[in-house]
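Per UniProt numbering, numbering through the sequence shown is continuous, rising by one, with the last residue being 994. All C-beta atoms, glycine included, are put in the ideal place defined by N, C-alpha and C.
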Amino acid sequence: MDFIDDIFSEIDDREEDLHQLVVLLKKYLPDGSFQLVLNSGKSVSSGEKLDLSRESCDKLIDMAIKENGSIHHELHKTLLMHAMLIKELNATLIFVLPTQDPDSVLKNYGLSSIKLCVELFNSQKTHLEEQGLRETQKIQINRKVKVLEDKYTEILSDNLKANEELREHSQLQQKILDTAATAILTTDAQGCITTANEEFCSSTGFSKDDVIGKHRDTLSDRSCKTDCSLFKADEKQQIIKKRCTIRTKDDRELIVIKNAGTIYDRSGRFSGGVESFIDVTDLVKAREAAEAANIVKMEFLTNMSHEIRTPLNGIIGMAELAFDTNLDDEQKNMFYTINNEASSLLDIINTILDFSKNNAEKTELEEIPFNLRILTEDIAQSFAYRAEQKELHFVSYLTPEVPTQLMGDPGRLRQILVNLAGNALKFTEEGEIYIKGEVAEDHKDWVKVRFLVKDTGIGIPKDKQSIIFEGFTQADGSTTRKYGGTGLGTTISKQLTEMMGGEIGVESEEGMGSTFWFTAVFNKQKDHVTVLKKEKISLKDIRVLVVDDNQTNQFVLTEYLKSWGCRTETCSGKDTLSVLRESVLSEEPFNLILTDFHLPEVTGFDMAKEIKKMETLAKLPIIVITSIGKIGDAKSCRDIGIDGYLAKPIKQDDLRKVIESVLGFSKEENPKGQKLVTRHTIVEDNRKEIQILLVEDYPTNQKLAMKHLQTAGYQVDLADNGQQAVEAFKRKQHDLILMDIQMPVMGGYEATKAIRNLEIELSKIGDKKDSAKSEKIPIIAMTAHALKGYKEKCLEAGMDDYLTKPFRRKELLDIVEKWSRSRSIKGKQLPTRLDLCSGENVEFEEADAKKSAIDSAEPFYPELTAEGLVAGQNPKSKTDKANAPINFEKAIAEFDGDKEFFIGVLEGFFENVRGQIETLRQAVSDGDADLVRREAHSIKGGAANLTADELSKIAFKLENIGQSEVLEEGFEFIGRLEKEFQRLEAYASNDKTA
Numbered sequence: 001m002d003f004i005d006d007i008f009s010e011i012d013d014r015e016e017d018l019h020q021l022v023v024l025l026k027k028y029l030p031d032g033s034f035q036l037v038l039n040s041g042k043s044v045s046s047g048e049k050l051d052l053s054r055e056s057c058d059k060l061i062d063m064a065i066k067e068n069g070s071i072h073h074e075l076h077k078t079l080l081m082h083a084m085l086i087k088e089l090n091a092t093l094i095f096v097l098p099t100q101d102p103d104s105v106l107k108n109y110g111l112s113s114i115k116l117c118v119e120l121f122n123s124q125k126t127h128l129e130e131q132g133l134r135e136t137q138k139i140q141i142n143r144k145v146k147v148l149e150d151k152y153t154e155i156l157s158d159n160l161k162a163n164e165e166l167r168e169h170s171q172l173q174q175k176i177l178d179t180a181a182t183a184i185l186t187t188d189a190q191g192c193i194t195t196a197n198e199e200f201c202s203s204t205g206f207s208k209d210d211v212i213g214k215h216r217d218t219l220s221d222r223s224c225k226t227d228c229s230l231f232k233a234d235e236k237q238q239i240i241k242k243r244c245t246i247r248t249k250d251d252r253e254l255i256v257i258k259n260a261g262t263i264y265d266r267s268g269r270f271s272g273g274v275e276s277f278i279d280v281t282d283l284v285k286a287r288e289a290a291e292a293a294n295i296v297k298m299e300f301l302t303n304m305s306h307e308i309r310t311p312l313n314g315i316i317g318m319a320e321l322a323f324d325t326n327l328d329d330e331q332k333n334m335f336y337t338i339n340n341e342a343s344s345l346l347d348i349i350n351t352i353l354d355f356s357k358n359n360a361e362k363t364e365l366e367e368i369p370f371n372l373r374i375l376t377e378d379i380a381q382s383f384a385y386r387a388e389q390k391e392l393h394f395v396s397y398l399t400p401e402v403p404t405q406l407m408g409d410p411g412r413l414r415q416i417l418v419n420l421a422g423n424a425l426k427f428t429e430e431g432e433i434y435i436k437g438e439v440a441e442d443h444k445d446w447v448k449v450r451f452l453v454k455d456t457g458i459g460i461p462k463d464k465q466s467i468i469f470e471g472f473t474q475a476d477g478s479t480t481r482k483y484g485g486t487g488l489g490t491t492i493s494k495q496l497t498e499m500m501g502g503e504i505g506v507e508s509e510e511g512m513g514s515t516f517w518f519t520a521v522f523n524k525q526k527d528h529v530t531v532l533k534k535e536k537i538s539l540k541d542i543r544v545l546v547v548d549d550n551q552t553n554q555f556v557l558t559e560y561l562k563s564w565g566c567r568t569e570t571c572s573g574k575d576t577l578s579v580l581r582e583s584v585l586s587e588e589p590f591n592l593i594l595t596d597f598h599l600p601e602v603t604g605f606d607m608a609k610e611i612k613k614m615e616t617l618a619k620l621p622i623i624v625i626t627s628i629g630k631i632g633d634a635k636s637c638r639d640i641g642i643d644g645y646l647a648k649p650i651k652q653d654d655l656r657k658v659i660e661s662v663l664g665f666s667k668e669e670n671p672k673g674q675k676l677v678t679r680h681t682i683v684e685d686n687r688k689e690i691q692i693l694l695v696e697d698y699p700t701n702q703k704l705a706m707k708h709l710q711t712a713g714y715q716v717d718l719a720d721n722g723q724q725a726v727e728a729f730k731r732k733q734h735d736l737i738l739m740d741i742q743m744p745v746m747g748g749y750e751a752t753k754a755i756r757n758l759e760i761e762l763s764k765i766g767d768k769k770d771s772a773k774s775e776k777i778p779i780i781a782m783t784a785h786a787l788k789g790y791k792e793k794c795l796e797a798g799m800d801d802y803l804t805k806p807f808r809r810k811e812l813l814d815i816v817e818k819w820s821r822s823r824s825i826k827g828k829q830l831p832t833r834l835d836l837c838s839g840e841n842v843e844f845e846e847a848d849a850k851k852s853a854i855d856s857a858e859p860f861y862p863e864l865t866a867e868g869l870v871a872g873q874n875p876k877s878k879t880d881k882a883n884a885p886i887n888f889e890k891a892i893a894e895f896d897g898d899k900e901f902f903i904g905v906l907e908g909f910f911e912n913v914r915g916q917i918e919t920l921r922q923a924v925s926d927g928d929a930d931l932v933r934r935e936a937h938s939i940k941g942g943a944a945n946l947t948a949d950e951l952s953k954i955a956f957k958l959e960n961i962g963q964s965e966v967l968e969e970g971f972e973f974i975g976r977l978e979k980e981f982q983r984l985e986a987y988a989s990n991d992k993t994a
C-alpha cells in the first residue's frame, strides 16, 4: 500500500502553520496488553525511538474502529475496505488531534462533511494515562500532513474492488471444498484442524464443530500416527497415494488412500498442512475377497491338474513301454496316436495351470546359475525331430558378445522360448525356424539379452497383432480349429517376460512369416571361474569349406568357425568339386569340409564319395551334418571314409570337439574302419573323465543309481554316509556329488556344510596366482521328501540342486548331465586335499570294497531268475496285474531292460528288509522313534525305486509315526509292512508258475 507512504511523507510546503494530524495503531496482544505504533518516527522523553518502517506504515488504516471491530466513526466510503484488515490485526486506530479547534483541522483535510465521532487526544497527562500511556511517553508532534487528494481516493477504490473479488474467490473455494468428492482438511502449524469439507464429515461421521480445533492425530488409527505423521516444521514432506487408516466417529476403521503436503508462508516459515483422502475400504475388502477366491481357484486347479496328470502320465508311460514290445505297424500307429494325443492334452493342462498361477501372482522367479548357450542349444535339440518331420530347418545362435554364464530362472526362460518356438513350428509348413540371442544392454553386473524367434510361416495380419498377447486369443479363430492350442502361450510368455524385467513384441507380415522378440534381464555370475581345460588343437588359420544351401545354416556355421580363428569359404553342393580343385591348384588347399547331407543336387554321402575318389583330396577330412540321424548312417560313413557325423541343430561345443578330434586323427594316415567321430562319441569321452561321488546308505538305492550312472559312462565312487563323503572329498577330486539326506553317522546337510568349509580352506592355501583355485563342486540332494520347503532347505545348506526319490533313470541322468556340462573338468591344479586331513581313509576304503562287492554280487534269492521275467510280461497272470505288489515291466524298463541286474537289486532289497523289520520291532519296544523313522524312510525309498508302491506307502506311514514320536500304532504298521513284504516275496518267487 504505497499510497500510505505517500500520504505521510508528502509535506505541505505552504508557509501557513497547519494543525497537524497524528495516527497511531493500538494493537492488542494475546495476553490482553497492547502496543502503540506511530505513523512516523517520533522521539519520546526517554529517548527511545519507535520502529516506523514501511511495513509498519502499510498496516495503518485511516479509519477508527472500536475494540470489538465495529466502525467507530464514518469516513469516506472508499476507506471501508480497511476495516476488515484492522479487524484481522485485532487493533484500534486512533486519530490524535489538537484540543484547539479540531473541526477546522478536519476541514483542512477535506473531511468537514463527515460526521465527527473521533476520539480526541490532547497532551494532558490524565487523558494519556487512561489510554495506557505513561507520562514519559508524551508524544511530540512535528510532522505536517497533506490533505488527501483525488488520486488516493482512486487507489483506495481499486483496493476495495480487489477486496470484494477476494471475498468472492474465498466463497468459491469453500464451495469447491464442500462439493468435492474427496475428503479434505487443513491444519495450522501445530497440527490442529482449521478446515474440513463436507465429504470429510460424510466419510467420518464428524461434524465440522467436532474436529475444528482438534489435533489431526486424534482421527488416525494408532498404527498410522507414525507412518503418516505429516506436520514437521523442519522438513518439507509430501505424501502421494499412501494407504492409511482413519478412525470414524463411531470408532470404525476406514482404509484410505491419502495425499498430503505441508504449507509455508512467503518467508519460508512452516504454517500448516493440507491433506485429502479417498475411502477405499469397500474396494480393499472386495479385493481381499477376490484374492481369497483366487486362492480357492488355484487350489482347485492344482488338485484337478494333479488328478488329471497322474493318469495321463500313466497312459504316456505305458504307450512308451509298448513301443519296445513286438508290435505290428497298425498297433504301432495306434500307440503313437495315444502317446501323441495324451502328450498334447498334458501340454494344454500344464499351460492352463501356468496361466492361472501367473494371474494369481503365485509364480516366483528363481535366481540360479545357468549357461545360456547350453539352454538355447538344448531347446533347439528338443525341437529337431519335430522339425525334421515337417522338413524344416531349426537353428539356434548366440552372438559372440552375449555372456553365457548368467544368474536367473532358466526354467522360465526355457518356457518362453519353447512357447514361441512351438508356435513357430506349428504355423510353419516350409522353410526354417531360427532362435537368435543378442545383447541389448551390457553392464558390469548385469545384461539385457534380446531374443528373436523367426519363422517362415503363415504370418499374422497387421490388425491382429495387437491382440496376439491377450489370453485365449489367436490371430484367427480358424487357426484354433486347424492348428489347435489354447492361445495362452504368448500370454504366458508376456507375463514371464515382464517378470524378468523385459518386454515382448512381434513383427510380421501375412504370408511372409513372423519374428517374435523379447528381452530379459539377467545378473552375471560373479563367482564363475573359467577353469583351465586341456590344451585344444588350435584352429587358427584352418581353411574350412562350408557346403550348405541354406543361408541361415551357412551363417551360423561360419560365425562359429570365425570365432575360433578359422578361414572360411562357402559354396553350394553343385560347386563343391570345382571349388576344391581350384584350391589345390592355388596351393592353398582346404583343411576341412563341413557339408550338409541334404543338398538340392546331391547327397552329402555321394559328394563325399566323389571327393575320396580324387587322389589329391582323398585324405581331406569330411564332417557330414544331417537334419536327423538314421539307422545305418554310421556304417555308411565308415565305408565311405567320412571322419565326422553330426545331427542338427549343431551345438557349438560339439562342433568344436568333433573338429578337434577329426583334425587330430588326420595327422596320420587313417586306416579304413577308423573311429567315426560323432556327438555320442564326444559325450562318451567326456563322461569317462567325469568322477561322481555317490553318497547313499541304502544298498538297493546304491545299486540302482550306480547302474544308471555307470551304464551312461560315468565313473562312480561310493560312500555309505556323510562322514565317508567328507573323507572322500579330502582324498580324491570329484566333479559331482549325489548326496542322500538321511544317513547314519552323518547326514547330508552336515556333510555338505563340512565340504563347503573345506572348499574355503582349499581356496586359502591354493596358488595365489591361479585364478581358478578350487572350484565349488556341485552337490545334488537326493531325498524322498517332496514336501514344500525341503528344496529350499537343501539349497540353504549349500547344495546346488534337488532330486526327489524315487527318481527315474532319465531324471537322474538329466540332472547329472546338467551339472557336469556346466563344470570344466580338465586341468585343475589344486592343493592336495589330503593336506586337510590326517590321511586316514579307512571308511572310504571300506566303501570302495563295498562298491566292488556290489558290482560282483551273486544272486541271493535262488528261485528268482531272469528266465522267469519275460519281456513285456508279469510273473503273474494278467488278471492279477492290478493288485500286483510290484510293476515288473516298469521296473525293468528303468533298469534299461537289464533283467539280471534288476534281479540282483531286488534280492539285495529282500535281504535288507528282513533285517530292517526286526530292527523296527526292537526300536518300537525301546521307544526309539528316530530309529523307527530312519529305517522306515530307507524302506520307503527302496520300495519306490523298485515300483513296490504299496510297500512304500506303508513304510511312509510308519516313517510318519516315528516322526511324531507317538509309537502306539508302531507294531500294527510293522505287521502290515511285514505282510505286504511277504506278499511281494511270494509274488516274485512264483515266476516258475507264471
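- Item | Status (buried if at least 16 other CB within 10 Å, exposed otherwise) for VAL745 | Within the sequence shown, the letter at position 745 stands for residue 745. Burial call: exposed.
- Query: At which residues does the alpha helix (DSSP H) containing PRO410 begin and terminate?
  - Reply: Residue numbering aside, residue 410 sits at position 410 when the sequence shown is read from its first letter. Per DSSP, PRO410 belongs to the alpha helix (DSSP H) from 410-426.
- Message: If contacts are defined as beta-carbon pairs under 8 Å, then GLY573 and MET607 qualify, I think. What distance do you get, rounded to the angstrom?
- Response: Here the question's residue 573 lines up with position 573 in the sequence shown. Here the question's residue 607 lines up with position 607 in the sequence shown. Going by Cβ atoms, the distance from GLY573 to MET607 rounds to 6 Å, so yes, they are a contact pair.
- Limits of the beta strand (DSSP E) - the one that HIS708 falls within: As a working note, residue 708 is residue 708 in the sequence shown. Careful: HIS708 lies outside any beta strand (DSSP E), inside the alpha helix (DSSP H) at 699-711.
- Item | Residue from ASN945, LEU425, GLU164 and ASP697 with nearest C-alpha to GLN723 | By one-based count along the sequence shown, residue 723 stands at place 723. Per the Cα distances, ASP697.
- Quick one: is THR558 near chain D, going by C-beta distance under 8 Å? Judged by its chain identifiers, the structure shown contains no chain D, having just a single protein chain.
- Message: On the DSSP letters alone, give me the boundaries of the beta strand (DSSP E) that ALA797 sits inside.
- Response: Counting from one through the sequence shown, the residue named residue 797 turns up at place 797. Note, ALA797: premise wrong, no beta strand (DSSP E); not H, not E.
- In three-state DSSP terms, what is TRP517? As a working mapping, residue 517 is identified with position 517 in the sequence shown. In this structure, TRP517 counts as strand in the three-state DSSP scheme.
- Residue of GLY798, THR376 and GLY565 minimising C-alpha distance to LYS540: For the purposes of this step, residue 540 is identified with residue 540 of the sequence shown, where counting begins at 1. Closest by alpha carbon: GLY565.
- Starting from TYR264 and walking both ways along the alpha helix (DSSP H), at which residues does that stretch end? Along the sequence shown, read from residue 1 onward, the residue named residue 264 stands at position 264. First-last for TYR264: 253-264, but that is the beta strand (DSSP E), not the alpha helix (DSSP H).
- Opening and closing residue of the alpha helix (DSSP H) in which ASP654 lies: Within the sequence shown, the letter at position 654 stands for residue 654. Counting along the chain, the alpha helix (DSSP H) containing ASP654 begins and ends at 652-665.
- Item | Same chain, Cβ closer than 6 Å to GLU401, neighbours up to 5 away in sequence not counted | Position 401 of the sequence shown holds residue 401. Close CB contacts of GLU401 within its chain, under the 6 Å cut and outside five residues either way in sequence, are with VAL439 (chain order).
- First and last residue of the uninterrupted beta strand (DSSP E) at THR194: Taking the sequence shown and counting its residues from 1, one reaches residue 194 at position 194. Counting along the chain, the beta strand (DSSP E) containing THR194 begins and ends at 193-196.
- Query: Below 8 Å between beta carbons: does that hold for ILE780 and ASP814?
  - Reply: Residue numbering aside, residue 780 sits at position 780 when the sequence shown is read from its first letter. Residue numbering aside, residue 814 sits at position 814 when the sequence shown is read from its first letter. No.
- Query: Anyone know if the C-beta pair for GLY942 and PHE973 falls short of 8 Å?
  - Reply: As a position in the sequence shown, residue 942 is number 942, starting the count at 1. As a position in the sequence shown, residue 973 is number 973, starting the count at 1. No, the pair does not count as a contact, with Cβ atoms beyond the cut-off.
- Message: Does the structure place the region 581-591 close enough to the region 424-431 that three or more beta carbon pairs sit under 8 Å?
- Response: no
- Query: When we look at the beta-carbon of THR783 and count the other beta-carbons within 10 Å, is it buried (16 or more) or exposed?
  - Reply: For the purposes of this step, residue 783 is taken as residue 783 along the sequence shown, with counting starting at 1. Buried, by the Cβ-count rule.
- Item | Contacts around GLU750, its chain only, beta-carbon distance under 8 Å, and the 5 residues preceding and following it disregarded | Counting from 1 along the sequence shown, the entry for residue 750 is found at position 750. Within the same chain, GLU750 has close Cβ partners GLY722.
- Item | Anticipated Cβ contact below 8 Å, GLY191 with ASP217, distance rounded | Numbered from 1 along the sequence shown, position 191 holds the residue referred to as residue 191. Numbered from 1 along the sequence shown, position 217 holds the residue referred to as residue 217. The Cβ separation is near 7 Å, so the contact holds.
- Message: Distance check for LEU704 and ALA712, CA to CA, integer angstroms please.
- Response: The count along the sequence shown starts at 1 and reaches residue 712 at position 712. The count along the sequence shown starts at 1 and reaches residue 704 at position 704. Cα-Cα distance, rounded: 13 Å.
- Item | Bridge partner(s) assigned by DSSP for LEU585 | For the purposes of this step, residue 585 is identified with residue 585 of the sequence shown, where counting begins at 1. Partner(s): none; LEU585 has no beta bridge.
- Task: Flag this pair as yes or no: are the beta carbons of PHE270 and ALA189 separated by less than 8 Å?
- Result: By one-based count along the sequence shown, residue 270 stands at place 270. By one-based count along the sequence shown, residue 189 stands at place 189. Their beta carbons are under 8 Å apart, which means PHE270 touches ALA189 by this criterion.
- Whole-angstrom distance between THR325 and LYS332, CA atom to CA atom: Here residue 332 refers to the residue found at position 332 of the sequence shown. Here residue 325 refers to the residue found at position 325 of the sequence shown. Using only the alpha carbons, I get a separation of about 10 Å.
- Item | Residue range of the beta strand (DSSP E) that includes GLY747 | Within the sequence shown, numbered from 1, the residue matching residue 747 stands at position 747. Careful: GLY747 lies outside any beta strand (DSSP E) and carries neither H nor E.
- Query: Can you name, in chain order, every residue of its own chain whose Cβ lies under 6 Å from the Cβ of LEU738, other than the five neighbours on each side?
  - Reply: In the sequence shown, the residue the question calls residue 738 occupies position 738. Excluding sequence neighbours, LEU738 sits near LEU694, ILE780 and MET782.
- Message: Between which residues of its own chain and THR552 is the CB-CB distance below 7 Å, once the five residues before and five after are set aside?
- Response: To locate residue 552, count along the sequence shown from 1; it is residue 552. Around THR552: HIS393, VAL395, GLU432 and TYR434.
- Is DSSP giving VAL905 helix, strand or coil here? As a working note, residue 905 is residue 905 in the sequence shown. Three-state DSSP puts VAL905 in a helix.
- Would a C-beta distance cut-off of 8 Å place ARG414 and ILE379 closer than the cut-off? The residue given as residue 414 occupies position 414 in the sequence shown. The residue given as residue 379 occupies position 379 in the sequence shown. Yes; because the gap between Cβ atoms is below 8 Å, this pair is in contact.
- So is HIS169 buried or exposed if we call it buried at 16+ other beta carbons inside 10 Å? By one-based count along the sequence shown, residue 169 stands at place 169. Exposed, by the Cβ-count rule.
- Message: For a test of the three-state rule: what should DSSP assign to LYS49, helix, strand or coil?
- Response: Residue 49 sits at position 49 when you count from the first residue of the sequence shown. Here the model assigns LYS49 a pLDDT of 34, short of 50, so the residue's position is not dependable, and the following value carries that caveat. Strand, per DSSP.
- Look up TRP446 in the DSSP assignment and say whether it is helix, strand or coil. Walking along the sequence shown from the start, residue 446 turns up at place 446. Of the three classes helix, strand and coil, the one that applies to TRP446 here is strand, per DSSP.
- In or out: LYS175 buried (at least 16 other Cβ within 10 Å) or exposed? Numbered from its first residue, the sequence shown carries residue 175 at position 175. Answer is exposed; the Cβ neighbour count stays below 16.
- Item | Run of the beta strand (DSSP E) containing MET614, from where it starts to where it stops | Walking along the sequence shown from the start, residue 614 turns up at place 614. It is not in any beta strand (DSSP E) - MET614 carries neither H nor E in the DSSP assignment.
- Simplified DSSP assignment, three categories, for PHE973: Numbered from 1 along the sequence shown, position 973 holds the residue referred to as residue 973. In the structure shown, PHE973 sits in a helix (DSSP, three-state: H, G or I).
- Query: What residues match up with VAL395 in a beta bridge as DSSP calls it?
  - Reply: Here residue 395 is taken as the residue at index 395 of the sequence shown, counted from 1. Answer by DSSP bridge pairing, in chain order: TYR434.
- Task: Please go through the same chain and pick out, in chain order, the residues whose beta-carbon is closer than 8 Å to the beta-carbon of GLU978, but skip the five residues on each side of it.
- Result: Working through the sequence shown from its first residue, we reach residue 978 at position 978. Excluding positions up to five away in sequence, the list reads ILE917.
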